[in-house]
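So in my numbering, spot 23 of the sequence shown is number 689, and the numbers just go up one at a time. For reference, the structure is listed below as structure tokens.
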Amino acid sequence: MPTAETPTLAVIIGSIRPDRFGPTVATWFTAEAQKHGAFEVDVIDLADYKLPVELAGNDYSVPPPEGVVRLGTRLAKADAYTLITPVYNRSYPASLKTAIDWFYTEWVLRPVSFISYGGVTGGLTAVEHLRGIFPEFPAITTKSFISLANFEKVFDYDGRPVDTAGLRVPATAVLDELAWWAPMLRQARKARPYPGLDFEPSANGETHAVPT
Ligand SMILES: Cc1cc2nc3c(=O)[nH]c(=O)nc-3n(C[C@H](O)[C@H](O)[C@H](O)COP(=O)(O)O)c2cc1C
667 MPTAETPTLA VIIGSIRPDR FGPTVATWFT AEAQKHGAFE VDVIDLADYK LPVELAGNDY
727 SVPPPEGVVR LGTRLAKADA YTLITPVYNR SYPASLKTAI DWFYTEWVLR PVSFISYGGV
787 TGGLTAVEHL RGIFPEFPAI TTKSFISLAN FEKVFDYDGR PVDTAGLRVP ATAVLDELAW
847 WAPMLRQARK ARPYPGLDFE PSANGETHAV PT
């Protein structure tokens, strides 16, 4: 039973093209996260937000696009993130980078984990490229990750894992790590200023916030 102390895990579907595979991965991982029990889980599908590739200009009086405001409200409530990414040309999709770049304080001092899927490499290069982004905020990337090589063979025709127990092993490792970081960083965000940040990290429940 979730309480006010239960951290929220945002599971983000990073691909937005029609007929994408990302939602199959999200459905499986969300069920695992719910079984794990440490989090309230919020599944965020970037396809629902139509984020423009053209980012905000320098005039802060111009309101952000409606989709950015809606997504920012949800991101700000999260204590931890799992990014689900395909590999596109050895890296992550532009849709995911656009979503990352529209925000800042929402990522600050949160743990971030990754699930990638692709051909023989399982999308590992996408994960390694994503890892390089998050020190900027700063956010913590987890040591554990999930990489689904030849992903079409990992799930059956109905989108269920072929080897549920086998896939649970990396899922549990990721969720255990996030569950270690999330409450600690939530408390730390509230309790102590972080060196070098000249703005407050967004508190849970706060709406979209832009660094000044
Ligand atoms: C633009 C593009 C580039 C791709 N590049 C790679 C690649 O470098 N390596 C790979 O294993 N698969 C690659 N693929 C295949 C994707 O892994 C596969 O299409 C997957 O379904 C994409 O995820 P999505 O369905 O959620 O969009 C690529 C697919 C697209 C659309």
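Yeah, the Cβ is synthetic: ideal placement off N, Cα and C, and Gly gets one too. A quick note: this is a predicted structure, and the numbers were derived from the prediction, not measured.
- request: Could you tell me whether any non-hydrogen atom of ligand 1 is closer than 7 Å to the CB of Ser681?
  value: Translated into positions along the sequence shown, residue 681 becomes position 15. Correct: Ser681 has its Cβ closer than 7 Å to ligand 1.
query: Should Gly788 and Leu749 be called a contact, given that it needs their Cβ atoms to be closer than 8 Å?
result: Numbered from 1 along the sequence shown, position 122 holds the residue referred to as residue 788. Numbered from 1 along the sequence shown, position 83 holds the residue referred to as residue 749. Cβ distance not < 8 Å, so Gly788 and Leu749 don't count as in contact.
message: If I follow the unbroken alpha helix (DSSP H) through Asp725, where does it start and stop?
response: Taking the first residue of the sequence shown as position 1, residue 725 is located at position 59. From DSSP, Asp725 is part of no alpha helix (DSSP H); its letter is neither H nor E.
field: Range covered by the beta strand (DSSP E) that runs through Ala805
entry: Position 139 of the sequence shown, counting from 1, holds the residue named residue 805. For Ala805, there is no enclosing beta strand (DSSP E), as DSSP marks it with neither H nor E.
query: Closest to Tyr715 by CA distance: which of Arg736, Pro827, Thr807, Thr771 is it?
result: Mapped onto the sequence shown, residue 715 falls at position 49. Answer by Cα proximity: Arg736.
Reference Ile781, options Val774, Val793, Trp773, closest by Cα: Taking the sequence shown and counting its residues from 1, the one referred to as residue 781 is at position 115. The shortest Cα separation from Ile781 among Val774, Val793, Trp773 belongs to Val793.
- prompt: By Cβ distance, which residues of its chain are closer than 7 Å to Ala692, with the 5 residues on each side in sequence left out?
  reply: Residue 692 sits at position 26 when you count from the first residue of the sequence shown. Closer than 7 Å at Cβ, skipping near neighbours: Val677, Ile679, Val709, Ile750.
query: Within this structure, are the beta carbons of Leu721 and Ile682 separated by less than 8 Å?
result: Locating residue 721 in the sequence shown gives position 55, counting from the first residue. Locating residue 682 in the sequence shown gives position 16, counting from the first residue. In terms of Cβ geometry, Leu721 and Ile682 do not form a close pair [threshold 8 Å].
- prompt: Taking just the CA atoms, how far does Gly738 sit from Pro731?
  reply: Residue numbering aside, residue 731 sits at position 65 when the sequence shown is read from its first letter. Residue numbering aside, residue 738 sits at position 72 when the sequence shown is read from its first letter. Across the structure, Pro731 and Gly738 are spaced so that their CA atoms are roughly 11 Å apart.
message: According to DSSP, simplified to helix, strand and coil, what is Pro668?
response: Here residue 668 refers to the residue found at position 2 of the sequence shown. Note: Pro668 maps to coil in three-state DSSP.
field: Simplified DSSP assignment, three categories, for Asp864
entry: Here residue 864 refers to the residue found at position 198 of the sequence shown. If DSSP states are grouped into helix, strand and coil, Asp864 belongs with coil.
message: Using only the alpha-carbon positions, how far apart do Asp864 and Ala742 sit?
response: For the purposes of this step, residue 864 is taken as the residue at position 198 of the sequence shown. For the purposes of this step, residue 742 is taken as the residue at position 76 of the sequence shown. If I take the Cα positions, the gap works out to 18 Å.
message: Quick check on Pro759: does DSSP put it in helix, strand or coil?
response: As a position in the sequence shown, residue 759 is number 93, starting the count at 1. Coil.
task: Using three-state DSSP, classify Ile899 as helix, strand or coil.
output: Absent from the model: residue 899. The displayed extent of the chain is 667 to 878, so no value can be given.
- prompt: Just to confirm, does Thr830 get its C-beta within under 7 Å of one of the non-hydrogen atoms of ligand 1?
  reply: The residue given as residue 830 occupies position 164 in the sequence shown. No - ligand 1 has no heavy atom lying nearer than 7 Å to the Cβ of Thr830.
- prompt: For Gly688, which residues from the same chain have a beta carbon less than 7 Å from its beta carbon, with the 5 sequence-adjacent residues on both sides left out?
  reply: Taking the sequence shown and counting its residues from 1, the one referred to as residue 688 is at position 22. Around Gly688: Ile679, Gly680, Ser681, Ile750, Pro752.
- request: Return helix, strand or coil for Gly871, following the three-state DSSP convention.
  value: Residue numbering aside, residue 871 sits at position 205 when the sequence shown is read from its first letter. Here the model assigns Gly871 a pLDDT of 44, short of 50, so the residue's position is not dependable, and the following value carries that caveat. Gly871 falls in the coil class under three-state DSSP.
- prompt: Hey, Gly784 and Thr690 are a contact pair by Cβ (cut 8 Å); roughly how many whole angstroms apart?
  reply: For this step, residue 784 is matched to residue 118 along the sequence shown. For this step, residue 690 is matched to residue 24 along the sequence shown. Contact flag wrong, Cβ pair sits at about 14 Å.
Straight-line Cα distance separating Ala746 from Phe803: As a position in the sequence shown, residue 803 is number 137, starting the count at 1. As a position in the sequence shown, residue 746 is number 80, starting the count at 1. Phe803 and Ala746: Cα-Cα distance of roughly 14 Å.
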